[in-house]
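Colleague:
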Amino acid sequence: MSGKINLVLTALLVACGLSLVNAQYQARHLFIELERTQSQARQLDIEWAQLQLDQSTLGKHARIEEIARRDLNMTPLTAARTQYLTPEGSK
Numbered sequence: 000m001s002g003k004i005n006l007v008l009t010a011l012l013v014a015c016g017l018s019l020v021n022a023q024y025q026a027r028h029l030f031i032e033l034e035r036t037q038s039q040a041r042q043l044d045i046e047w048a049q050l051q052l053d054q055s056t057l058g059k060h061a062r063i064e065e066i067a068r069r070d071l072n073m074t075p076l077t078a079a080r081t082q083y084l085t086p087e088g089s090k
């Protein structure tokens, strides 16, 4: 009788040990996934900050005006170059 009890207790002990190993494996796996996700979140925060900086820089009026002069050979409008058009028949 005590042999059967020892066998049952041994099987129970092995099952508990395997359960513990499985739980530790899952905990490590989840921790690695958490670290990976946090790293990705930090990278996305850096990218977001860079995009906000780019948006504020590219949207400035002086930068747009400078690009228009340099790349498109545009010049600012002056009163001497302004032409007013009137519809035909009205004076």
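Numbering that gives the first Met the number 0 puts the first residue of the sequence shown at 0, with every later residue one more than the last. Beta carbons: idealized from backbone N, C-alpha and C, even for Gly.
In angstroms with no decimal places, state the Cα-to-Cα distance between Ala61 and Thr81.
Modeller: For Ala61 and Thr81, the distance between alpha carbons rounds to 22 Å.
Colleague: Measure the C-alpha to C-alpha separation of Leu8 and Ile45 and round it to an integer number of angstroms.
Modeller: Roughly 55 Å separates the two Cα atoms.
Colleague: Pick helix, strand or coil for Glu65, following the three-state DSSP scheme.
Modeller: In this structure, Glu65 counts as helix in the three-state DSSP scheme.
Colleague: If you run the structure through DSSP and keep just helix, strand and coil, what is Glu87?
Modeller: If DSSP states are grouped into helix, strand and coil, Glu87 belongs with coil.
Colleague: Since Met73 and Ala79 should fall inside the 8 Å C-beta cutoff, what is the C-beta to C-beta distance between them, to a whole number of angstroms?
Modeller: Rounded, the Cβ-Cβ distance is 16 Å, inconsistent with contact.
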